[in-house]
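Step one of this worksheet: look at the structure below.
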Amino acid sequence: NAGVTQTPKFQVLKTGQSMTLQCAQDMNHNSMYWYRQDPGMGLRLIYYSASEGTTDKGEVPNGYNVSRLNKREFSLRLESAAPSQTSVYFCASRRVGSDTEAFFGQGTRLTVV
Amino acid sequence: SQQGEEDPQALSIQEGENATMNCSYKTSINNLQWYRQNSGRGLVHLILIRSNEREKHSGRLRVTLDTSKKSSSLLITASRAADTASYFCATVPSSNTGKLIFGQGTTLQVKP
């Protein structure tokens, strides 16, 4: 049982390049999330998908797009990477219902130069 | 702005001592959760407390919730070096139970 799988684990981009971070979960969870983690800032919600077919902005959505490809997969796209997007990105999933815990992937460390 | 703010930002104690971390939030919640993150790893869920609960225990963990003050605390008793990690609170807003909002976290160092 893999849980939440993120790819890639590490990536270096040049300013202006684009890339897609992939996330897949095998727990049949309805809700999926993308966070970024910066030193001293905790985890900030970028986008989330409360259920298949829906996506909503979180706290810091600018510069990002998401796609809920199916129930298992939720991707995060950087169309034109900027140095300010250097961060560690985490994907998480949660079963539908409010009193449920989230399960996290191992993170993607992205550096934009 | 983030839903949860944590205090202190960093905490250093000796093995065997208790560690207390506090979390404040801004809006009405359905539940509050605590997570742990070891260096360079993903987050792992520790404990969840519902808005109608005041206290919850799990092993050496004790969580309290005061909805009138919009605050929670996490107590780790008899700490061990292996408890060294960052701890985060997260809230599920009553207005949108699909969301999960994290605080800034507390970094705990337990010295052997």
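Line by line, the protein sequences give chains W and R.
Following the working numbering, the numbering of the first sequence begins with 1 at its first residue and continues without gaps.
Following the working numbering, the numbering of the second sequence begins with 114 at its first residue and continues without gaps.
Glycine residues also receive a C-beta, built at the ideal position from the N, C-alpha and C atoms.
Taking C-beta pairs closer than 7 Å, name the residues in chain R that residue i reaches, listed in chain order.
| i | result |
| --- | --- |
| Q106 of chain W | R154, G155 |
| S31 of chain W | G211 |
| F74 of chain W | Per Cβ cutoff of 7 Å: no residues; F74 of chain W is ~13 Å from chain R at best. |
Give the C-beta separation of residue i and residue j to the nearest angstrom, bearing in mind that I take them to be a contact with Cβ-Cβ under 8 Å.
| i | j | result |
| --- | --- | --- |
| S185 of chain R | L145 of chain R | 5 Å |
| G42 of chain W | G218 of chain R | 5 Å |
| R163 of chain R | D99 of chain W | 6 Å |
Residue i versus chain W: which residues are under 7 Å apart at the beta carbon?
| i | result |
| --- | --- |
| K139 of chain R | Residues of chain W passing the Cβ test: none, with the nearest at roughly 12 Å. |
| L178 of chain R | The premise fails here: L178 of chain R is roughly 13 Å from chain W at the closest Cβ pair, so nothing lies under 7 Å. |
| Q146 of chain R | E101 |
| L161 of chain R | D99, E101 |
Starting from residue i, trace the beta strand (DSSP E) both ways and give me its first and last residue.
| i | result |
| --- | --- |
| P206 of chain R | 198-206 |
| Q217 of chain R | Counting along the chain, Q217 of chain R falls outside any beta strand (DSSP E), and DSSP gives it neither H nor E. |
| E59 of chain W | Neither: E59 of chain W is in no beta strand (DSSP E) and is coded neither H nor E. |
| Q25 of chain W | 19-25 |
| H158 of chain R | 156-163 |
| N144 of chain R | 142-150 |
| N70 of chain W | Premise fails: N70 of chain W is in no beta strand (DSSP E) and is neither H nor E. |
| E168 of chain R | 168-171 |
| M134 of chain R | 132-138 |
| M32 of chain W | 31-38 |
| A123 of chain R | 123-127 |
| S185 of chain R | 184-189 |
| D99 of chain W | First-last for D99 of chain W: undefined, no H or E at that position. |
| R44 of chain W | 42-49 |
| T15 of chain W | Segment: none, T15 of chain W is in no beta strand (DSSP E) and carries neither H nor E. |
| T5 of chain W | 4-7 |
| T136 of chain W | Lying outside 1 to 113, the shown extent of chain W, residue 136 of chain W is not represented and no answer is given. |
| T180 of chain R | Taken as a continuous stretch (DSSP letters only), T180 of chain R belongs to no beta strand (DSSP E), as it is neither H nor E. |
Using a Cβ-Cβ cutoff of less than 7 Å, which residues in the same chain neighbour residue i once the five nearest sequence positions on both sides are dropped?
| i | result |
| --- | --- |
| V223 of chain R | I126, E128, S192, R193, A194, D196, T197 |
| K57 of chain W | Y47 |
Quick one: residues in its chain with C-beta nearer than 6 Å to the C-beta of residue i, no 5 flanking neighbours on either side, listed in chain order?
| i | result |
| --- | --- |
| S114 of chain R | Confidence is the limiting factor: at S114 of chain R the pLDDT is only 46, short of 50, which leaves the residue's position unreliable, though a coordinate-based value still follows. Closer than 6 Å at the Cβ level, and outside the excluded window around S114 of chain R, lies no residue. |
| M134 of chain R | L187, Y200, T219 |
| S171 of chain R | I160 |
| R95 of chain W | H29 |
| T111 of chain W | V12, T86 |
Can you find the residues in the same chain that come closer than 8 Å, C-beta to C-beta, to residue i, ignoring five residues on each side of it along the sequence?
| i | result |
| --- | --- |
| G53 of chain W | R68 |
| S18 of chain W | R77, L78, E79, S80, A81 |
| N131 of chain R | L188, I189, T190, A191, S192 |
| G105 of chain W | G3, V4, T5, Q6, C23, F90, C91, A92 |
| R72 of chain W | A24, Q25, D26 |
For residue i, which residues in chain R fall below 9 Å Cβ to Cβ?
| i | result |
| --- | --- |
| M19 of chain W | Going along chain R, no residue has its Cβ under 9 Å from M19 of chain W, so there is no contact; the nearest lies around 20 Å. |
| Y48 of chain W | G211, K212, L213 |
| F10 of chain W | The contacting residues do not exist; F10 of chain W stays about 11 Å from chain R at best. |
If you measure between the beta carbons of residue i and residue j, is that distance less than 8 Å?
| i | j | result |
| --- | --- | --- |
| L21 of chain W | T86 of chain W | no |
| V176 of chain R | K182 of chain R | no |
| Q122 of chain R | F201 of chain R | no |
| T15 of chain W | V88 of chain W | no |
| N143 of chain R | T210 of chain R | yes |
| E118 of chain R | S137 of chain R | yes |
Which bits of chain R does residue i rub up against, with CB to CB less than 8 Å?
| i | result |
| --- | --- |
| M41 of chain W | Q217 |
| R94 of chain W | L213 |
| L45 of chain W | K212, L213, I214, F215 |
Starting from the beta carbon of residue i, find every residue of chain W whose beta carbon is closer than 8 Å, and list them in chain order.
| i | result |
| --- | --- |
| H170 of chain R | Within chain W, no residue comes near H170 of chain R; the closest Cβ sits about 17 Å away, beyond 8 Å. |
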